[in-house]
Every structure is written in C-alpha cells, then in structure tokens.
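Residues in the sequence shown are numbered from 471 upward in steps of one, following our numbering. Worksheet: one structure, shown below.
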Amino acid sequence: MIVLVDDESRENEGDLACAAEMITPEMVNFMARFGRGLICVPMASDRADALALHPQASENTALHGTAFTVTVDAATGVTTGISAADRARTIRILADPAAKAADLVRPGHISPLRARPGGALVRAGQTEGAVDLCRIAKLQPAAVVCEIMNDDGTMARRDDLVKFCQAHKLKMFSVADVIRHRLRSEKLIRRAVEVDIDLEAGCFRLIAYSSVVDPE
C-alpha cells in the first residue's frame, strides 16, 4: 500500500492506494480507519464494460470528471456488504478477470471508477494513476483508493500526508511520478499502416503511425 498524491493545483489530496487483486480485509479496515474517505475501485474502462458497470450519472458534471459507476457488492459470500471482509471480497471480484456481471449486485457498498483509456497521460488523476501503477506492476488493471482525511475531518494536504506516511511507514508517490515513468519507459506510438505507392518519380513506401494514447 502507498499514498498517491495528485498535483497541488488540482485536488491537492492524497489517497491510500493498492492493487485490487492484493486486497485483504485488514487493508480495507486500515483504509476505513486511517484514510476515512470513500473506498473506491479504479479500473480499466473495458473491464468496467465487461462487468456492466454503467456510469452513475448520465451526464458527468463533477468538478474533475471522476467517472463513478453504479455501486456494487459481491453477489455471494457476503452479509450486509459493508464489513471489511465483505468489501474485500467485492473488490477481489472486481479485479478477477474471470468475473461476470452476475457476480455482482447493484447497488452496493463499493464504488468502482472508470479510468480513462491512455491512463494518467490523458487524465492526471489518482484514478488513472492507480490503474497505471497496477499495469506497470503487471497486475490486473484495477486498484483500490481511499482519500486521506485529517483527524478533524479536513482533507490531508501535502505536509499532512508526509507526516501520515512517516507515522504509518508508507511510501508516497505522485501522479506526476507515474507520468514521468511512462514517458521514459513506454513506446507511445505504433506503426499503423504501411503501403507501397507507385508514382512517376518511382516507388515510395508510405508509413503511418498512430498514438497509443490518442488514436485519433
């Protein structure tokens, strides 16, 4: 588990974050007890489609466009859905590539979030940053995040988050760190089309490339 922060000019907040497939009841309890925010599951949009996780609102007017879907619980193996064990089970189902829409009931106690295709290079938020980190770690593209609040109910800012990490022995990373890593390590264009063209001046080969981040 880490603390993932966004830019100070954006939300200027920190989230507890981990890979969804690695979640345990103890980790859920830690998030609920010390993070105090809403526990959400950012995930790849194609995976959300496969699980029939439709947008929570037909028109997203949220300040930063956070893409909440309908809330869910596991269809089996849970009681009320709110306990740490119940929420951990629901989260593991969301991360399971073999899971189907019927494995979840709606509404529930877990809020999935749709990550934008292209990840943090397209939208520099914790939703995309957390999913990108899962991909970088070669895990399923689904994470768990929980906003960190101070004891008095205010949102923890950078100085608060540094103290939080020291108290709980956690590492802190920023979405900007994720973006820098991806720009350094990934090929962001691909060869899309290659054709030979015969002209009066001779035969030419035309090669077109497309962006992995923005296919348009």
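All C-beta atoms, glycine included, are put in the ideal place defined by N, C-alpha and C.
Suppose the cutoff is 7 Å on Cβ atoms and the five residues either side in sequence are ignored; what does the same chain contact list for residue i look like?
| i | result |
| --- | --- |
| residue 495 | 554, 555 and 558 |
| residue 662 | 678, 679 and 680 |
| residue 489 | 604, 607, 609 and 613 |
| residue 646 | 477 |
Below 8 Å CB to CB, which residues in the same chain sit around residue i once its five sequence neighbours on both sides are set aside?
| i | result |
| --- | --- |
| residue 527 | 538 |
| residue 505 | 485, 486, 616, 617, 618 and 619 |
Rounded C-beta distance between residue i and residue j? I'm assuming under 8 Å.
| i | j | result |
| --- | --- | --- |
| residue 658 | residue 683 | 6 Å |
| residue 585 | residue 515 | 6 Å |
| residue 513 | residue 582 | 6 Å |
| residue 472 | residue 641 | 5 Å |
| residue 597 | residue 541 | At roughly 16 Å, the Cβ-Cβ gap does not stay under 8 Å, so residue 597 and residue 541 are not in contact. |
Within 10 angstroms of the Cβ of residue i, are there 16 or more other Cβ atoms? Answer buried if so, exposed if not.
| i | result |
| --- | --- |
| residue 702 | Nothing can be reported for residue 702, as the shown portion of the chain is limited to 471 through 686. |
| residue 673 | exposed |
| residue 671 | exposed |
| residue 667 | exposed |
| residue 636 | exposed |
| residue 509 | buried |
The beta strand (DSSP E) with residue i in it runs from where to where?
| i | result |
| --- | --- |
| residue 579 | 574-585 |
| residue 678 | 672-681 |
Give every residue of the same chain whose Cβ lies closer than 6 Å to the Cβ of residue i, excluding the five residues on either side of it in the sequence, and list them in chain order.
| i | result |
| --- | --- |
| residue 544 | 559, 560 and 563 |
| residue 602 | 589, 590 and 648 |
| residue 499 | 554 |
For the alpha helix (DSSP H) containing residue i, list its first residue and its last residue.
| i | result |
| --- | --- |
| residue 591 | From DSSP, residue 591 is part of no alpha helix (DSSP H); its letter is neither H nor E. |
| residue 556 | 554-565 |
Residue ranges of each alpha helix (DSSP H) within the segment 472-544, 4 or longer: 495-500 and 515-520
Within the segment 616-667, ranges of the beta strand (DSSP E) (whole runs, at least 3 residues): 641-644
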